[in-house]
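Chemist: Attaching a single structure in structure tokens format; questions to follow.
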Amino acid sequence: MKKFPTILKYSSLAAAIVVGIAACNKDIEEPQRVGYSPVSVDDKAGTWKTYILASSSEVAVPAPSAVTSTDYVAELATLKGLTTNLSQEQKEAVVYWGAGAVYRWNEIARELSARYNIPPASNAEGKYPVPDAANPLADPKFPFANPPYTARALAYLSVAQYDALVSAWNYKYKYKRSAPSKVDTSIPVALPVSALPAYPSEDAVIAAASVTILKAMFPGEVPYLEAKMKEHLASRQWAGMNVTSDLTAGTDLGNAVAAKVMGRAKTDGMGAANNQALTAGMIEAAKTRGIKEPWLSQEAPLRPPMLPNYGAVATWNFDKTTLAQIRPAMPYVVGSAEWQKELDELKAIQNKQTREQARIANYWADGAGSYTPPGHWHRAAANAANEAKFSEVRMARTLALLGTAEMDAGIACWDTKYFYYTPRPQQFGLKTSVGLPNFPAYTSGHSTFSAAAATVLASIFPEQADKFNAQAKEASESRIYGLIHYRVDCEMGLKHGKVIGDYAIARGKADGSGL
Amino acid sequence: MGFLCAYINVQAQMPNDAIYMPKGTVCVGTMYTHSSWSQYWENTLKRENLNIGTHTTQSVMVMPAIGITDRFNVILSLPYVWTKTSAGNLMGQKGIQDFSAWLKVKAVNIKGFSVNGLLGASIPVSKYVPDFLPMSIGLQCRVVTGRVLLNYTHPKTGLYVTAHGSYMWRSNINVDRDAYQADGRVYNTNEVRVPNAYDLGGRLGILKQKWQTEVWAERNSCVNGDNIRRNDMPFPTNNMQATMVGWYGKFQPKALGVNARVGYVTNGLNAGQSTSYMVGVLYLFGVRK
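Line by line, the protein sequences give chains A and B.
Just so we're aligned: the first sequence equals residues 0 to 514 in numbering that gives the first Met the number 0.
Just so we're aligned: the second sequence equals residues 0 to 288 in numbering that gives the first Met the number 0.
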């Protein structure tokens, strides 16, 4: 017996030391993105088809001063001064924004979505106050950036960036004013310089367009957004990339294009998306279609369902007749043998959920406090486009195709959800390992969003098609493993999402890019 | 202990006395703990949650304390933990949590006054989900704890007073998702920083040959961390804090004994206001004569 305690003593001491060393490093490593020269500058992008603008010359941009003019020479001298004696903070800003302007503003929008994605708390009267756009920082904060809201915010962001960049490309190649460092080779540059003409600055166009959209979508974040834009524009000068007139013209263009895009946003029907007065009629209509047991909120106090009229919001890539035509067929009715079989499947998972099933459910949950499934797919798209070294305009096109597909997926899915108004498995005693969304079950939003996104991304990145499609399938099944969707919700949502994604692809094929 | 159960359940079971197993003896404790709350601090806001109702954490823990010498003990523990709520639809979690080992040394011992040093380490022994709070059974951290414990026991009456303080170095953890929100931003990684923590405690009691009774107060706190966002769920990065008061007693006439503890959280941050009780069976035996 003597040996045992001695071994124990030393082995536990050794274990403590090993664990101690491992416990000390608290640094969090995140993937870093850096600037690159695009594989193509897409010099013909000024002819690509815009979403909102009638043409890429709808918003006028004045001709710049010639590179030989005294004004421009003075601008060069100023720029040269700004590139010297950079602080560490300024150098970091150059690297941060240099990774890609569309990339960064998409990332910022996702972060805002996550920060605002929290359902309002109930008050003392047992009611859920509705977030107020006029008082965005009160409790509850405006907006509640749930999946439909985030899908829409990111769609308008990407469309504004795209239309503004197509316009910018038009003027860049109309005026052909070279990058400052090509005019004066003594100007030091901190980022790769491509053959792209510098006027108007694509970075300024993207920053202004993005900030205009995001201020409207997240009205409590105006000071934050303005500070970000200020740093973004300044970083272009610290990096020696743009003279002031490049930035001014870009800012004006971005603002003007985004204002036109906001014209659509203001009239797309979102203002009526939370019309709770419609739900009684929706339930009656679902009953006439054969739904015996309609959805009921499982929260206490009963929470009004999320955006019941979001299905009426204007779509991007197909019309409302098509929306009705592609709506998934009637699901299994409560009490039917098929429904019972799928409920039994969920019960079996609840009794013995494997760690792998829990992992999949958690990985794709993207619930409260996250950037939601549309944000998840925007991130995947932005990363893929960054890794493929897309030009800013091609990246914006990618995200606009994806973003409009995601918003269309949200609209079509919400239309389906409130058309059939079907109950969640929790109405029949199931628990959940991911949290229960407060709206009808059929069809699964995750499945619809993911299939639409994977379809678009598989078309743009064909060599990664299998990966994206497998991810969509996993995202769809994750809702079964999380016990909040019947299998039919997920399978029909996947099919629906694929059709929705195909409409975005058709739009992309006809946009004149040849991509 | 609510959200805090994740690390303090075990912690509170840990040696926090100046009692040593004599050389060659082992005391195995098997303890059942029940801890529940119906109100919690969401940041500083004390609230209830009708979709949780009463949250309950239960555990069964086996804890042998081994006398290597009269002044050096090794204490091991391994708990099985399970959680549930009385309302809402969050699925309860269950599993074997973290294995802990403590080395306990009486460094100074003069006339009833002692200075004791403790070094503890714990590692998760199952792949439980750490970020499904408040249902998760633990945080998946590896933890190293350093503790200093001062004690004075009046030799004749057995009256004692104890003060102790600890620092817990807690490792980063990996979660199933590859992005999460903390500190007001989104981290694009599955690695999560869990704040280090400390505790402070004071005890006043009587220790006799066959029995012990004491009242205690403890402060458990992270050294930093973020707060639960309005109406959101907790997260492992949260700055969880709690002040607890309670009573502990032990009765061990011979080899077989029982112990019990009750505790109540009086004050907290990002934590449940839990009431807990523990009952245990103790069995003392010699491993060499």
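Ideal Cβ placement from N, Cα and C applies to all residues, glycine included.
Every value quoted in this text rests on a predicted model; they were computed, and no experiment measured them.
May I ask you to list, following chain order, the residues of the region 441-453 of chain A that have a beta carbon less than 7 Å from some beta carbon of chain B?
Modeler: none
Chemist: Just verifying my parser: in three-state terms, what is the DSSP assignment at A:Ala451?
Modeler: helix
Chemist: Could I get the ranges of all uninterrupted beta strand (DSSP E) runs contained in the region 421-506 of chain A, with 3 residues as the minimum, in chain order?
Modeler: For secondary structure counted as the beta strand (DSSP E) over 3 or more consecutive residues, the region 421-506 of chain A holds no complete run.
Chemist: For the region 170-190 of chain B, which residues have a CB atom closer than 8 Å to at least one CB atom of chain A, in sequence order?
Modeler: Ser170, Asn171, Val174, Asp175, Arg176, Asp177, Ala178, Tyr179, Gln180, Gly183, Arg184, Val185, Tyr186, Asn187, Thr188 and Glu190
Chemist: Pick out whichever of A:Val158, A:Thr67, A:Gln356 and A:Val498 has its Cα sitting closest to the Cα of A:Gln324.
Modeler: A:Val498
Chemist: List the residues of chain A that B:Ala86 touches, going by C-beta distances under 8 Å, in chain order.
Modeler: Ala299
Chemist: Using C-beta distances below 6 Å, list every residue in its chain close to A:Arg506, excluding the 5 sequence neighbours before and after it, in chain order.
Modeler: Asn316
Chemist: In chain A, what lies closer than 8 Å to B:Phe112 by C-beta?
Modeler: Residues of chain A passing the Cβ test: none, with the nearest at roughly 26 Å.
Chemist: Tell me which same chain residues have a C-beta within less than 8 Å of the C-beta of A:Pro61, skipping the five on either side of it?
Modeler: Excluding sequence neighbours, A:Pro61 sits near Ala248.
Chemist: For B:Pro78, report the span of its beta strand (DSSP E) as first-last.
Modeler: Phe71 to Thr84
Chemist: Just to confirm, are A:Pro327 and A:His495 a CB contact at a threshold of 8 Å?
Modeler: yes
Chemist: Would you kindly work out how many angstroms separate the C-alpha atoms of B:Thr55 and A:Arg114, rounded to a whole number?
Modeler: 29 Å
Chemist: Can you give the Cα-Cα distance for B:Asn347 and A:Glu341, rounded to whole angstroms?
Modeler: This structure leaves residue 347 of chain B out entirely; chain B is present only between 0 and 288.
Chemist: Quick check on A:Val433: buried or exposed, where buried means 16 or more other Cβ atoms within 10 Å of its Cβ?
Modeler: buried
Chemist: What residues from chain B crowd round A:Asn169, counting only those whose CB sits closer than 7 Å?
Modeler: Residues of chain B passing the Cβ test: none, with the nearest at roughly 34 Å.
Chemist: What residues in the region 217-232 of chain B have a beta carbon less than 8 Å from any beta carbon of chain A?
Modeler: The region 217-232 of chain B vs chain A, Cβ under 8 Å: Arg228, Arg229, Asn230, Asp231 and Met232.
Chemist: Applying a beta-carbon distance threshold of less than 8 Å, which residues of chain B neighbour A:Asn361?
Modeler: Think of a sphere of 8 Å around the beta carbon of A:Asn361: the chain B residues whose beta carbon falls inside it are Val128, Asp130, Phe131, Val174, Asp175 and Arg176, in chain order.
Chemist: Is A:Ser369 close to chain B, meaning its C-beta is less than 8 Å from at least one C-beta of that chain?
Modeler: yes
Chemist: Hey, could you find the ends of the beta strand (DSSP E) B:His153 is sitting in?
Modeler: Neither: B:His153 is in no beta strand (DSSP E) and is coded neither H nor E.
Chemist: Output the distance between the C-alpha atoms of A:Ala92 and A:His231, rounded to the nearest integer angstrom.
Modeler: 8 Å
Chemist: Can you look up A:Met329 in the DSSP assignment and give me helix, strand or coil?
Modeler: coil
Chemist: Please classify A:Lys43 as buried or exposed, where buried requires at least 16 other C-beta atoms within 10 Å of its C-beta.
Modeler: exposed
Chemist: Taking the alpha carbon of A:Trp168 as the point to measure from, which residue in A:Trp338, A:Val487, A:Asp245 and A:Asp501 has its own alpha carbon closest?
Modeler: A:Asp245
Chemist: Alpha carbons only, please: which of A:Ser121, A:Phe460 and A:Arg263 is nearest the one belonging to B:Glu47?
Modeler: A:Ser121
Chemist: Kindly indicate which three-state DSSP category A:Ile107 falls into: helix, strand or coil?
Modeler: Shown here, A:Ile107 sits in a helix according to DSSP, grouped into three states.
Chemist: Pick out whichever of A:Lys508, A:Trp104 and A:Pro187 has its Cα sitting closest to the Cα of A:Ser516.
Modeler: One cannot answer for residue 516 of chain A here, as it falls past the ends of chain A, which runs 0 to 514.
Chemist: Measuring CB to CB, does A:Lys430 end up less than 8 Å from B:Leu138?
Modeler: no
Chemist: According to DSSP, simplified to helix, strand and coil, what is A:Ile282?
Modeler: helix
Chemist: Beta-carbon within less than 6 Å of B:Ala11's beta-carbon, same chain only, minus the 5 sequence neighbours each way: which residues are those?
Modeler: Below a pLDDT of 50, predicted positions are generally treated as unreliable, and B:Ala11, at 32, falls in that range; no measurement from the model is reported.
Chemist: So what does DSSP say about B:Lys249, is it helix, strand or coil?
Modeler: strand
Chemist: Would you mind stating whether B:Met243 and B:Val264 have Cβ atoms separated by less than 8 Å?
Modeler: yes
Chemist: Does the beta-carbon distance from A:Glu29 to B:Tyr186 come in below 8 Å?
Modeler: yes
Chemist: Could you spell out where the beta strand (DSSP E) holding B:Arg169 opens and where it closes?
Modeler: Leu158 to Arg169
Chemist: Report yes or no: do three or more beta-carbon pairs, one from the region 296-310 of chain A and one from the region 179-197 of chain A, lie closer than 8 Å?
Modeler: Contact between the region 296-310 of chain A and the region 179-197 of chain A is absent, because fewer than three Cβ pairs lie under 8 Å.
Chemist: Please list the partners that A:Ser512 has in chain B, where partner means a Cβ-to-Cβ separation under 8 Å.
Modeler: Residues of chain B passing the Cβ test: none, with the nearest at roughly 29 Å.
Chemist: Can a CB atom of chain B be found closer than 8 Å to the CB of A:Thr431?
Modeler: Among the residues facing chain B, A:Thr431 is included, as its CB has a counterpart in that chain under 8 Å away.
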